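Asker:
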Amino acid sequence: MVLSKRFSKDISSMLPSVEEAKDAEEEESSQTVLGGIASRPPSRPLPNLSRGSVDSRTIPRSARIKPDFEEQEDDKSVEVQDAKEQSQVESLDKSSENQFVSSKGKEEDWDTELEDEEVKESYDSTGKAKYLSVCQFFGVVPVSYYLRHIQDSVLVMRHHGLGLKAVKALALSLMTNTSIVSLDLSDNWLEGDGAAAIADMLKENCYISEIHLSDNRLGLKGAIALSHMLVENTTLRKINLSGNEFDDQTAPYLSGALINNQKLESVDFSHNLFGDRSGEILKTAIAENTGMLELNLSWNCFRGKGAIAVAKGLGANIFLRVLDLSYNGFGNNGATALGEALKINNVLEELNISNNRISLQGAVRFALCLKENKNLKALQMSRNPMKSEGCFAILKSIQANPGAAIESLEFCDIVVNKEFDDLYSAMKETMPNLSIKHGGNADLFKRSITKADPLDIVRQYIKENSLHPAQMFTQTDKSNLMNYEEFQQELTTAYQELLYASKKVRSEQRAGIIIPKDVAGKVIEFLDKDKSGIIDFSVFQQAIST
């Protein structure tokens, strides 16, 4: 098919690649012809997509030869299509912009809600909000004292009668409290379940370092709960479990806790029911614990084997500084075992073995061992039946120990004698810091009652009131002799109260002397030395004038 020039131009305009080839031919013809044959460079490869082309779009051959009116219609349809597409794009842009604005508003609202939530649910370092909500849940009245002191570092809540539910509410709030470091819940009737709640709290709270749970009847269940807690807790330094009915059944759990917890520094097991079996069990804990500095086992039932076991545990310990074993039943054998322990232990500084049934024999044995100890600073052995001789033996052993560090000795309620006092006086020169308390000295410290002259009261009265001895009597007999009744009446007249209120009286106002009746009797005995029953006033006058 032969095409006209018009159509060929149109096709050339439609196909840019053809136009490029034409330009290349014209450029070639303009070059120099050699030997009548034009040299033609190799055709450069055309790009895969020509300028103005559309990716993956196929142009049919019939499209190249469309009439003008068809092209115009196509151009119009394309323009219409482009306009539709443009309007769709604009509408899409507007909708997306609106959606962005709306989502932006929602996002701002969402951020605000988050901020509000963070404000509402911010970390409560005191646990006050949790405490109030838990109290409402359990149906208990919040403790106003706790709310007032919830930010204090030391919280003392003794004798509040909390009960189980109130303790649970308190424990749940204390889990998140970061202010309190010392907690005292003594005498609140916690029992075993309350102790379990406190134990769970102490597993989570890492700020409380001191807790007092004395007199709460914790028993076996409380001992088990607290023992498990002590294995996990590493922040507690002091715990007071006094008066909680701990007996031989609880000893294995508490002993295991002390063996595994090396962070506790002060432990109080006083006023419990530990017996001989408990002593043998606690022996291992006392010997192996490396962190405990103070241990109170007073007011228990350690006797015989139990006392000896505790003493052996002390001998193996090299960290304990203060040990209180008072009000047990160590006796002479226990005292001897403690003495042997002090031979080895040169770390202990304070030992209290008061009221332990230690007699003179036990005190002497203990004293012999005390000669080798060079670190003990305070020893209390009050209310033991060891008499003055036992106290003397202890003091003598300290004198014989050149490296003794003893500064305080207590033998309260034990009466000492002059021999003890002389030894103490002699030791003051070499040990000026030594202080001793005892129950008094039967020879020197007992007050001697000296017989005072009963006439001194009469003389003092005359001096204060500027009286003459004759003015002291209302009796005006010519005779100077009078019997006991008359003299007694003169000494204790009805004017005593008046003269007692006002010491200064006029000279013409004669009144009886202010003198007690017992002193008046002594005056009579002093004047009537021959026991005749008659007193010579002149002798009395002469006596008070000298």
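In our numbering, the protein residues as written are 672 to 1217. Beta carbons are placed, not taken as given, at the ideal position from N, Cα and C, and that holds for glycine. This one's a predicted model, so the numbers in the text were calculated from it and none came from an experiment.
Go ahead and label F1082 buried or exposed: buried means 16 or more other beta carbons lie within 10 angstroms of its beta carbon, across all protein chains shown.
Answerer: As a first step, residue 1082 is located in the sequence shown; it is residue number 411 there, counting from the start. Buried, because 16 or more other Cβ atoms sit within 10 Å of the Cβ of F1082.
Asker: Output the distance between the C-alpha atoms of D947 and N1046, rounded to the nearest integer angstrom.
Answerer: Here residue 947 refers to the residue found at position 276 when the sequence shown is read from its first residue. Here residue 1046 refers to the residue found at position 375 when the sequence shown is read from its first residue. Taking the straight line from one Cα to the other gives about 28 Å.
Asker: Terminal residues of the continuous alpha helix (DSSP H) containing I1069?
Answerer: Here the question's residue 1069 lines up with position 398 in the sequence shown. Per DSSP, I1069 belongs to the alpha helix (DSSP H) from K1058 to Q1070.
Asker: Is the region 891-901 in contact with the region 918-927, if contact means three or more CB pairs nearer than 8 Å?
Answerer: yes
Asker: Where does the unbroken alpha helix (DSSP H) through H899 begin, and where does it stop?
Answerer: As a working note, residue 899 is residue 228 in the sequence shown. G890 to E903 is the extent of the alpha helix (DSSP H) around H899.
Asker: Skipping 5 residues on each side, what residues in its chain have a beta carbon closer than 8 Å to that of H848?
Answerer: Sequence index remark: in the sequence shown, residue 848 carries index 177 (1-based). Sequence inspection shows Asn at residue 848; the His mentioned does not correspond to that position. S796, T797, G798, I821, N876 and Y878.
Asker: May I ask you to list the residues that DSSP assigns as paired with H1109?
Answerer: Position 438 of the sequence shown, counted from the start, is the residue given in the question as residue 1109. In DSSP, H1109 forms a bridge with F1082.
Asker: Would you kindly work out how many angstroms separate the C-alpha atoms of D1092 and V1086, rounded to a whole number?
Answerer: The residue you call residue 1092 lines up with position 421 of the sequence shown. The residue you call residue 1086 lines up with position 415 of the sequence shown. Approximately 11 Å, taken between the alpha carbons.
Asker: Starting from N1004 and walking both ways along the beta strand (DSSP E), at which residues does that stretch end?
Answerer: If you number the sequence shown from 1, residue 1004 lands on position 333. Taken as a continuous stretch (DSSP letters only), N1004 belongs to no beta strand (DSSP E), being part of the alpha helix (DSSP H) at G1002 to I1015.
Asker: Is G810 near L835, with beta carbons less than 8 Å apart?
Answerer: Translated into the one-based positions of the sequence shown, residue 810 becomes position 139. Translated into the one-based positions of the sequence shown, residue 835 becomes position 164. For G810 and L835, no; Cβs fall outside 8 Å.
Asker: Check S913 in the structure and name its three-state DSSP category.
Answerer: Reading the sequence shown from its first residue, position 242 is the one you call residue 913. Of the three classes helix, strand and coil, the one that applies to S913 here is coil, per DSSP.
Asker: Can you tell me which residues form a DSSP beta bridge with R974?
Answerer: Taking the first residue of the sequence shown as 1, we reach residue 974 at position 303. G1000, per the DSSP bridge assignment.
Asker: Looking at the structure shown, is Q807 part of a helix, part of a strand, or coil, going by DSSP?
Answerer: Walking along the sequence shown from the start, residue 807 turns up at place 136. Helix.
Asker: Under a Cβ-count criterion, where at least 16 other Cβ atoms within 10 Å of its own Cβ denotes burial, should I989 be classed as buried or exposed?
Answerer: In the sequence shown, counting from the first residue as 1, residue 989 sits at position 318. By the neighbour-count rule (16 or more Cβ atoms within 10 Å), I989 is not buried but exposed.
Asker: What is the residue span of the beta strand (DSSP E) that E959 lies within?
Answerer: As a working mapping, residue 959 is identified with position 288 in the sequence shown. Note, E959: premise wrong, no beta strand (DSSP E); alpha helix (DSSP H) at D947 to E959.
Asker: State the DSSP-derived secondary structure class of D739, mapped to helix, strand or coil.
Answerer: Translated into positions along the sequence shown, residue 739 becomes position 68. With a pLDDT of 49 at D739, under the threshold of 50, the predicted position of this residue should be treated as unreliable, and no value is reported.
Asker: Less than 8 Å between the C-beta atoms of M1052 and I1024, yes or no?
Answerer: Counting from one through the sequence shown, the residue named residue 1052 turns up at place 381. Counting from one through the sequence shown, the residue named residue 1024 turns up at place 353. Cβ distance < 8 Å, so M1052 and I1024 count as in contact.
Asker: What residues match up with V993 in a beta bridge as DSSP calls it?
Answerer: For this step, residue 993 is matched to residue 322 along the sequence shown. E965 and E1021.
Asker: Expressed to the nearest angstrom, what Euclidean distance is found between the alpha-carbon atoms of G1005 and L843?
Answerer: Working through the sequence shown from its first residue, we reach residue 1005 at position 334. Working through the sequence shown from its first residue, we reach residue 843 at position 172. CA-to-CA, the gap between G1005 and L843 works out to about 45 Å.
Asker: Can you give the Cα-Cα distance for H831 and S969, rounded to whole angstroms?
Answerer: Along the sequence shown, read from residue 1 onward, the residue named residue 831 stands at position 160. Along the sequence shown, read from residue 1 onward, the residue named residue 969 stands at position 298. Near 26 Å, if we compare the C-alpha coordinates of S969 and H831.
Asker: Is the separation between the beta-carbon of R908 and that of K934 shorter than 8 Å?
Answerer: Here residue 908 is taken as the residue at index 237 of the sequence shown, counted from 1. Here residue 934 is taken as the residue at index 263 of the sequence shown, counted from 1. Their beta carbons are under 8 Å apart, which means R908 touches K934 by this criterion.
Asker: With 16 other CB atoms within 10 Å as the buried threshold, where does I910 fall?
Answerer: Against the sequence shown, residue 910 aligns to sequence position 239. I910 is classed as buried because its beta carbon has at least 16 other beta carbons within 10 Å across all chains shown.
Asker: Cβ atoms of N1055 and I1077: under 8 Å apart, would you say?
Answerer: The residue you call residue 1077 lines up with position 406 of the sequence shown. The residue you call residue 1055 lines up with position 384 of the sequence shown. It is not a contact, given that the beta carbons lie outside the stated cut-off.
Asker: Could you check what DSSP says for E1090 in three-state terms: helix, strand or coil?
Answerer: For the purposes of this step, residue 1090 is identified with residue 419 of the sequence shown, where counting begins at 1. Of the three classes helix, strand and coil, the one that applies to E1090 here is helix, per DSSP.
Asker: Tell me the rounded alpha-carbon separation between L845 and L929.
Answerer: Here residue 845 is taken as the residue at index 174 of the sequence shown, counted from 1. Here residue 929 is taken as the residue at index 258 of the sequence shown, counted from 1. Distance between the alpha carbons of L845 and L929: 24 Å.
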